[in-house]
Every structure is written in structure tokens, then in C-alpha cells.
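*Asks:*
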């Protein structure tokens, strides 16, 4: 279910499907780095202004699904204009700053992004750009990232399947919003 908060900036309504806390797992595979499964937590929030704030943390998982060590962290800001063009500014833990541009697909919650600018500190590894695809599929958030370096052509390197995390406060708010005339046995509700 996509919920549109009453205090969400009107320009951000097309991006409302991203809002919330998400968690899940995925696969990381890129030449020169460890191939692994990873866990991920993503948060998209808003404060009433014309952008979404974004934070993502990933960590390597062992074969039993336990956290081993941090993998990647990034944060940034997402905007959308009246023509459904999306812009993202992003900073990564390894000293990379990116500007991404793309667009929201017509009639479906899917965003294609491509890097427009990349800046790197001396501490960061080689990186020259990427692509990302985010999609809201059957109430889940899925994404795939492609990456290129001076030595490696653009290719997929990370993808994940994330589920919405529901807090106790959200459950309480939803429970209060239920209609007063719900059947006592609950079964009639589904007929």
C-alpha cells in the first residue's frame, strides 16, 4: 500500500512509493572486489521541503545470513520536477560524490538513473559512473546498480530485494484508522 503523507511536498507525490524504511538482501559482484551476499537497510524520509532524504547501509553476510562487516554506505537527496525528471545528489562512504539524473516511468513506479557527474577524493577507488534502476513491485522495493571504472566497462554490480519495515507506531496508527463497523468475527470482512 502506498501512503501519501499529508505534509509531503506536492512535488514529491510521484515519489511517495519510496517513503519509509526498507530492509532486505542482495548480491554484490564486481571485478577486483569480493563477490558476496549482502544485507541492506534503506530509508527515504521527508520534512515537508521539495526533496526526499535518502540513506543506505549495506553489510556483507555470511552463509548463514549473519552480518560480517560493513560493505557500502551512502546518503543523499532526491527531487522530481513536473516533467517526471528525477535528480539525485549522493555521497558515499568511500569519498565519492555523484549527481544522478533520470526519470520516473510513465504509469508505473520505476526510476531509471544515470550518473551525470562524479567527484572522487584521493581515498576512493577507481570509479567513473553508473546506472541504477529502482522499482516498486508487489509492495517491495527492488533495485539494480551498474558501475564502471577506467578498467571495467559498465556492468551490473549490486542488486537487492527490499521489504517495507513496519514500526509499532505505524501499526497503531493503522489500527486507529480501521472503520468502527468491522465485523466482530473478522471473517465477514473478507466476504
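Residue numbers (this note's numbering): 6 to 196. Note that the Cβ used here is the ideal one computed from N, Cα and C, for glycine as well. Please read these numbers as outputs of a predicted model, since none were measured by experiment.
Do the region 88–103 and the region 114–129 meet, that is, are 3 or more Cβ pairs less than 8 angstroms apart?
*Replies:* Because the criterion of three Cβ pairs below 8 angstroms is met, the region 88–103 and the region 114–129 touch.
*Asks:* On the criterion of 16 or more Cβ atoms from any shown chain inside 10 Å, does residue 33 qualify as buried, or is it exposed?
*Replies:* Residue numbering aside, residue 33 sits at position 28 when the chain shown is read from its first letter. Looking at its Cβ environment, which holds 16 or more other Cβ atoms inside 10 Å, residue 33 is buried.
*Asks:* Taking the beta strand (DSSP E) that residue 68 falls in, what are its first and last residues?
*Replies:* The sequence position of residue 68 within the chain shown is 63, counting from 1. Run containing residue 68: none; DSSP gives neither H nor E here.
*Asks:* Please list, in chain order, all residues of the same chain as residue 20 whose beta carbon is under 7 angstroms from its beta carbon, the five residues on each side excluded.
*Replies:* Taking the chain shown and counting its residues from 1, the one referred to as residue 20 is at position 15. 57, 83 and 85.
*Asks:* Are the Cβ atoms of residue 100 and residue 129 separated by less than 9 angstroms?
*Replies:* In the chain shown, counting from the first residue as 1, residue 100 sits at position 95. In the chain shown, counting from the first residue as 1, residue 129 sits at position 124. Cβ atoms of residue 100 and residue 129: closer than 9 angstroms.
*Asks:* Taking the straight line between their C-alpha atoms, what separation do you get for residue 70 and residue 171?
*Replies:* Reading the chain shown from its first residue, position 65 is the one you call residue 70. Reading the chain shown from its first residue, position 166 is the one you call residue 171. Each residue's alpha carbon lies about 21 angstroms from the other.
*Asks:* In this structure, does DSSP put residue 75 in helix, strand or coil?
*Replies:* Taking the first residue of the chain shown as 1, we reach residue 75 at position 70. Residue 75 falls in the strand class under three-state DSSP.
*Asks:* Measuring straight from C-alpha to C-alpha, what distance separates residue 76 and residue 65?
*Replies:* What you label residue 76 is simply residue 71 of the chain shown in a count that begins at 1. What you label residue 65 is simply residue 60 of the chain shown in a count that begins at 1. Their backbone Cα atoms lie some 6 angstroms apart in a straight line.
*Asks:* Rounded to whole angstroms, how far is the Cβ of residue 8 from the Cβ of residue 28, which I believe are closer than 8 angstroms?
*Replies:* Walking along the chain shown from the start, residue 8 turns up at place 3. Walking along the chain shown from the start, residue 28 turns up at place 23. In fact, because the Cβ distance is near 18 angstroms, the residues do not count as touching under 8 angstroms.
*Asks:* In the structure shown, what three-state DSSP assignment does residue 157 receive?
*Replies:* Mapped onto the chain shown, residue 157 falls at position 152. The answer is coil: DSSP assigns residue 157 none of H, G, I, E or B.
*Asks:* By DSSP's criteria, residue 25 is part of a beta bridge. Which residues make up the other side?
*Replies:* The count along the chain shown starts at 1 and reaches residue 25 at position 20. Its beta-bridge partners are 49.
*Asks:* Report yes if the C-beta distance between residue 97 and residue 108 is below 9 angstroms; otherwise report no.
*Replies:* Residue numbering aside, residue 97 sits at position 92 when the chain shown is read from its first letter. Residue numbering aside, residue 108 sits at position 103 when the chain shown is read from its first letter. No, the pair does not count as a contact, with Cβ atoms beyond the cut-off.
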